[in-house]
């Protein structure tokens with residue numbers, strides 16, 4: 001599904017596209033993708049990040065600014081590809097056209 005489709009789908013489930021704001025979240029996702037989610041994880045999944053530049057952007061759902069960055073070293077920003085997906089193998093983020101099709105990981109806040 002597209003990035004907008006992913007955001008809409010997560011909202012319908014009571015959540016938002018995953019916000020990866022620390023190395024601890026990357027480590028948690030790494031564990032889940034190799035264990036509980038391994039049969040459902042595709043090569044790429046959308047993150048909730050909409051980028052405005054190589055080191056700036058906002059997280060979908062919270063509009064929190066970008067304080068943690070896990071972009072692949074080879075990535076270059078393009079305004080034509082502001083949406084970010086995570087690669088299954090190395091967990092680095094990559095820029096892509098928001099209309100591209102990827103799977104999604106949603107997050108739901110506890111107590112909601």
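Numbering (the UniProt record's numbering), first residue to last: 1 to 112. Just so you know, even glycine gets a beta-carbon here, dropped at the ideal spot from N, CA and C.
With a 10 Å radius around the Cβ and a threshold of 16 neighbouring Cβ atoms, residue 59 comes out buried. If you look at residue 45, you'll find it in the beta strand (DSSP E) that goes 44 to 53. The beta carbon of residue 22 is closer than 6 Å to those of 68 in its chain, skipping five residues each way along the sequence.
Burial check for residue 105: the Cβ neighbour count within 10 Å reaches 16 or more, so the residue is buried. Runs of the beta strand (DSSP E) spanning 3 or more residues and lying entirely within the UniProt domain "C-type lectin" (1 to 107) occur at 44 to 53, 56 to 59, 83 to 87 and 93 to 96, in chain order. The residue among 109, 81 and 110 with its C-alpha nearest the C-alpha of residue 46 is 81.
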